[in-house]
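Asks: The listed protein sequences derive, respectively, from chains V and Z. Reading the first sequence from the start, the letters are residues 1174 to 1682 in the working numbering. Reading the second sequence from the start, the letters are residues 1174 to 1682 in the working numbering. Virtual Cβ for every residue (Gly too), placed ideally from N, Cα, C. The structure follows.
Protein chains: 2
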Amino acid sequence: MADLHLVVDRAAGGVAAQIARELREAVRRGRLAAGVRLPASRELARDLGLSRGVVVEAYEQLVAEGFLISRIGAGTVVAPAAGRTAALPVPPAGPDGPSPTPEGPPRAGSRTAEARGARREREPYHGRRSTAPDLGAFPRERWLASMRRTLAALPAEALDYGDPGGVPALREELAAYLRRVRAADVSPDNLVIVGGVAQGISLTIQALAGRLPRGRSPHDLGWFVRRASRPAPPPGRIRLAVEDPAGGRQLPLLHAAGADLVAVPVDGEGLDVEALAATGARAVLLTPAHQYPTGVVLSPRRRAELIEWAAATGAAILEDDYDAEFRFDRDPVGCLQGLAADRVILIGSVSKSLAPGLRLGWVAAPPGIAESLRLARGELDLGSPVLEQYVLADFVTTGGYDRHLRRMRREYRARRDAFALALGEHLPEITVRGVSAGLHLLAELPYGWDEAAVAETAQDCGLAVEPVGPMRHAPGPPALVMGFARLPARRADATIRALADALRRRPAP
Amino acid sequence: MADLHLVVDRAAGGVAAQIARELREAVRRGRLAAGVRLPASRELARDLGLSRGVVVEAYEQLVAEGFLISRIGAGTVVAPAAGRTAALPVPPAGPDGPSPTPEGPPRAGSRTAEARGARREREPYHGRRSTAPDLGAFPRERWLASMRRTLAALPAEALDYGDPGGVPALREELAAYLRRVRAADVSPDNLVIVGGVAQGISLTIQALAGRLPRGRSPHDLGWFVRRASRPAPPPGRIRLAVEDPAGGRQLPLLHAAGADLVAVPVDGEGLDVEALAATGARAVLLTPAHQYPTGVVLSPRRRAELIEWAAATGAAILEDDYDAEFRFDRDPVGCLQGLAADRVILIGSVSKSLAPGLRLGWVAAPPGIAESLRLARGELDLGSPVLEQYVLADFVTTGGYDRHLRRMRREYRARRDAFALALGEHLPEITVRGVSAGLHLLAELPYGWDEAAVAETAQDCGLAVEPVGPMRHAPGPPALVMGFARLPARRADATIRALADALRRRPAP
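Okay, structure coming up:
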């Protein structure tokens, strides 16, 4: 018979639930092993000075949950299944998923790679991306006001599962906005709301690789069980060209979505379309408005060549419009999608304009692909949360979005000017590349400098920088992506001077 | 030379942008064809009575965007790539995705299947699910108050990309809540926030099928391009047992995630574990607290057998805890996961307790699987929106969630009682199955009744009902899932009486 050591606090109430909780914990932690017999309810009640009904209630609860077994004549015993500790075997590594360690030797020149690896483990996802906006400027009061208006006006039904392609009010507002500001050729019907650019790109690639549903599937158990008896053919893959250099964070996502990557060089005019044509790629992902990381704008000639290539080969163009709201030296160039809406899929979000944490983005695509994305979300996650979609729609309608963008454009322009000026002053060895736009600039280092070491020094000075080496396929000069959006203009000079001092104190590279 | 028919509103300002917009539209719509030469900027300026600089600015914008080409000596012409209309070919149907039409003949007895199909097309996703909560009771003011507190207190960095496994504050609150209310064996570390039960189930199956990453992958372009040169082996699949009958909406999702479905019958004690063992399934998805659609609770004996089966075979148990907050006849039975945390993956959400539109749910899983899910979201969509995660955390901390649940439990109990009473009164031919819980009940119809026809009549009476036929693999008696959560108790009698009258007016089945 078990000695239960039960502690019951009668004043707290819910005494039966307390007993159940203590017994459950004792079974889980192995203090009450399988097969152990519990005291009869009458005895335990007497020991605890409680009515028998309370103990019976606790025992019944644990019998219903499977912790205890009660048999007539045999009393109440701990169930054999309870409290096991043999772990569920972790499934074998997915053949299609990336393996935990990269292949081949570590890259030359990365003597601090391990140190940076450790640092990345400590801050796995938060903050300090070089392309992050100034989150202190998030318009909290106006956002809350939009939320208040939304909650006051929304019919109850709108809180149900939404259209997985996005709530119509937001698609209307965003389509008008993209037509006006990005010269996009888009209607609410071919615009799909997604959880940010990452999801937009992932789903688009899955659609192009033939992995997404193209029509509503039946919800019929019999049909699905019959279907399972046939072997499922492997999902498709697609050869996708990406820019070289390119942002590294999307790479695992692209691969997981079914893309086999081929790198195409970027020069002063943007993506080299002749090299692209030689790859046999069926799709290309690029950042024409402000190439990441080089900051180059795709030239008019290359725009024309790219559309020609897509038209001739039937390929798709994925336009990542990640920071196109911010161009400082002239009006932003209209998006590629506006030039050839039948071949280009435009993908954008509010991650740079408002905050990444909102996870709100959009995809403007030819109707067949837009419908595939919508159906896919209906079968994957049932769409994005609706409330903040309505809030963003209100924020755009009432002019809050435009006002915020105007303010941030002025602010970021001042920050970039101050940043570039300070670099020229204190680190004249560094060459700033790319146009005046976005939230980062490309700083090319003199040959021989160790970009990883310089990046680490800059991070220690509080700068949001990333080495370009891992973003390259073909070798290139050492360079850093330097984020300027979080550094107030008045602090740029002192910060860059501190960086220059720190670099001069280091042993010569 | 083109006749441009430009309309410029000088008073509106931004004249260069107006000209650019009109020209862009003319190219897109084919009014200005490829190769057509535009008037010299000087001429057009004179015609419009504008300064030449304005026209030059508009032309330059369209050259940068690729709509126009400007060559020295040849003037400005419409680009050949602009305004094409050959559509991007829609990709071939995915071999792994469901095809648009089910195979085989339509089910017997579904004489109104087509009519219902058409109706579903008109209301593709919104409303009237039989398991929907009463959305009119959503606590808008308290939610807004939580949002206000959150926005007042949150540090700016919290608006950045969040932990893809969910913000720590919410995982803490939910782990404590699940331990307290669901007797779950969970800590913040093995809890992952997801965009609802659908995404939670989809990702869990992908993890079990070996489709998800198991370690952080490198973000290195060179590595990914080298990797693309080797053929990718097909992603894994897993044999998954589901309950028969089962909710139909998850089926396409399960299949897309890599599950080959096998159906296991449900009887008065819940899932038949002996039949399960005979299937060779490597995992099972079930609803132990309140089986959908039958309303049965998994018996203590079956709970023990199920855990034994999983321990003996190394299989995984997916526990869909979709409406377990609402049990009316007794305290809710603790979740299966609390009995065997190493074998059971618990999946829940606020879709029934608050609103489906919030798209907020959780998965409590053994550490290896939890980490796989977290990494997967870091490579799929970068996690759920953070702001509403903080709001939900505040809502739980401040007691708003418990208060709302207590209120709704009272309300739904009254509604279920009134509903069942009215059915007994006006439609005594119908048998109510299952325990007093959740947001729906199972109404078994007499043999010979056409459930599709009865469902349609009930829908016409304003009831949220669904026929059970498509949810079955093995044949069973005609039955309906009837939602009672949106029908106020005082209206139950009149509504069910109207249904009884309408059914008696129909031609005999």
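(1) Name, please, each residue of chain V whose Cβ falls closer than 8 Å to the Cβ of His1613/Z.
(2) Nearest CA to the CA of Ile1515/Z: which residue from Val1506/Z, Gly1187/Z, Ala1538/Z?
(3) Can you tell me whether DSSP reads Asp1433/V as helix, strand or coil?
(4) Kindly indicate which three-state DSSP category Pro1640/Z falls into: helix, strand or coil?
(5) Given that Arg1201/Z touches chain V, what residues does it touch there, using C-beta distances under 9 Å?
(6) Taking just the CA atoms, how far does Leu1343/Z sit from Val1564/Z?
(7) Could you check which residue in Arg1532/Z, Tyr1334/Z, Pro1643/Z, Ala1310/Z has the C-alpha nearest to that of Val1398/V?
(8) As a quick exercise: from Gly1222/V, Ala1206/V, Leu1217/V, pick the residue whose alpha carbon is nearest that of Val1250/V.
(9) Does the beta carbon of Gln1372/Z sit closer than 8 Å to a beta carbon anywhere in chain V?
(10) Mark Glu1314/Z as exposed unless 16 or more other C-beta atoms lie within 10 angstroms of its C-beta, in which case mark it buried.
(11) Do Gly1534/Z and Ser1526/Z have their C-beta atoms within less than 8 Å of each other?
(12) Using a beta-carbon distance below 8 Å, is Pro1661/Z in contact with chain V?
(13) Within 8 Å of any Cβ in chain V, is that where the Cβ of His1428/Z sits?
(14) What residue range does the alpha helix (DSSP H) around Arg1588/Z cover?
(15) Mapping the DSSP letters down to three states, classify Pro1361/V as helix, strand or coil.
(16) Which residues of chain V have a Cβ atom closer than 8 Å to the Cβ of Gln1234/Z, listed in chain order?
(17) Would you say Tyr1465/Z faces chain V, with C-beta separation under 8 Å as the test?
(18) With 8 Å set as the bound, which would you pick, yes or no: does the beta-carbon of Leu1394/Z sit closer than that to a beta-carbon of chain V?
(19) What's the C-alpha gap between Ala1652/Z and Gly1443/Z?
(20) Between Asp1182/V and chain Z, is the shortest Cβ-Cβ distance under 8 Å, so that the two count as touching?
(21) Apart from the five residues on each side of it in sequence, which residues of its chain come closer than 7 Å, Cβ to Cβ, to Gly1573/Z?
(22) Specify, as a first and last residue, the run of the beta strand (DSSP E) that Leu1615/Z falls within.
(23) Excluding five sequence neighbours on each side, which residues of the same chain lie with their C-beta closer than 7 Å to the C-beta of Arg1197/V?
(24) Ordered along the chain, which non-local residues of its own chain (more than five positions away) have a Cβ less than 6 Å from that of Val1228/Z?
(25) Just the Cα atoms here: how many angstroms apart are Asp1509/Z and Glu1230/V?
(26) Would you tell me roughly how many angstroms separate the C-alpha atoms of Ala1310/Z and Gly1530/Z, rounded to the nearest one?
(27) Looking at the unbroken beta strand (DSSP E) that takes in Leu1458/V, where does it start and where does it end?
(28) Identify which residue in Ile1480/V, Ala1401/V, Tyr1465/V, Ala1432/V has its Cα closest to the Cα of Ala1414/V.
(29) Once you ignore the five residues that flank His1646/Z on each side, which residues in its own chain have a CB closer than 7 Å to its CB?
(30) Within 10 Å of its beta-carbon, does Val1641/Z have 16 or more other beta-carbons around it, so buried, or fewer, so exposed?
(31) Determine whether the Cβ of Ile1480/Z lies closer than 8 Å to any Cβ atom of chain V.
(32) Do Gly1656/V and Val1627/V have their CB atoms nearer than 8 Å?
(33) For Met1655/V, would you say it is in contact with chain Z, using Cβ-to-Cβ distances shorter than 8 Å as the test?
(34) Let me know the secondary structure DSSP gives Leu1327/Z once reduced to three states.
(35) Indicate whether at least one CB of chain V lies closer than 8 Å to the CB of Tyr1574/Z.
(36) Using alpha carbons as the reference points, say which of Ile1520/Z, Arg1500/Z, Pro1438/Z, Tyr1334/Z lies closest to Gly1368/V.
Replies: The answer reads as follows:
(1) Residues of chain V passing the Cβ test: none, with the nearest at roughly 15 Å.
(2) Checking the displayed sequence, the identity of residue 1515/Z turns out to be Asp instead of Ile. Measuring from the Cα of Asp1515/Z, the nearest candidate turns out to be Ala1538/Z.
(3) strand
(4) strand
(5) Asp1358, Gly1511, Leu1512, Ala1514
(6) 9 Å
(7) Pro1643/Z
(8) Ala1206/V
(9) yes
(10) exposed
(11) no
(12) no
(13) yes
(14) 1573-1599
(15) helix
(16) Asp1504, Val1506, Gly1507
(17) no
(18) yes
(19) 17 Å
(20) no
(21) Pro1312, Arg1315, Ser1319
(22) 1613-1617
(23) Leu1235, Phe1240
(24) Ser1214, Leu1217, Ala1218
(25) At residue 1509/Z the sequence reads Leu, which differs from the Asp that was named. Rounded to the nearest angstrom, the two C-alpha atoms are 19 Å apart.
(26) 14 Å
(27) 1456-1459
(28) Ala1432/V
(29) Asp1417, Ala1436
(30) buried
(31) yes
(32) no
(33) no
(34) coil
(35) no
(36) Tyr1334/Z
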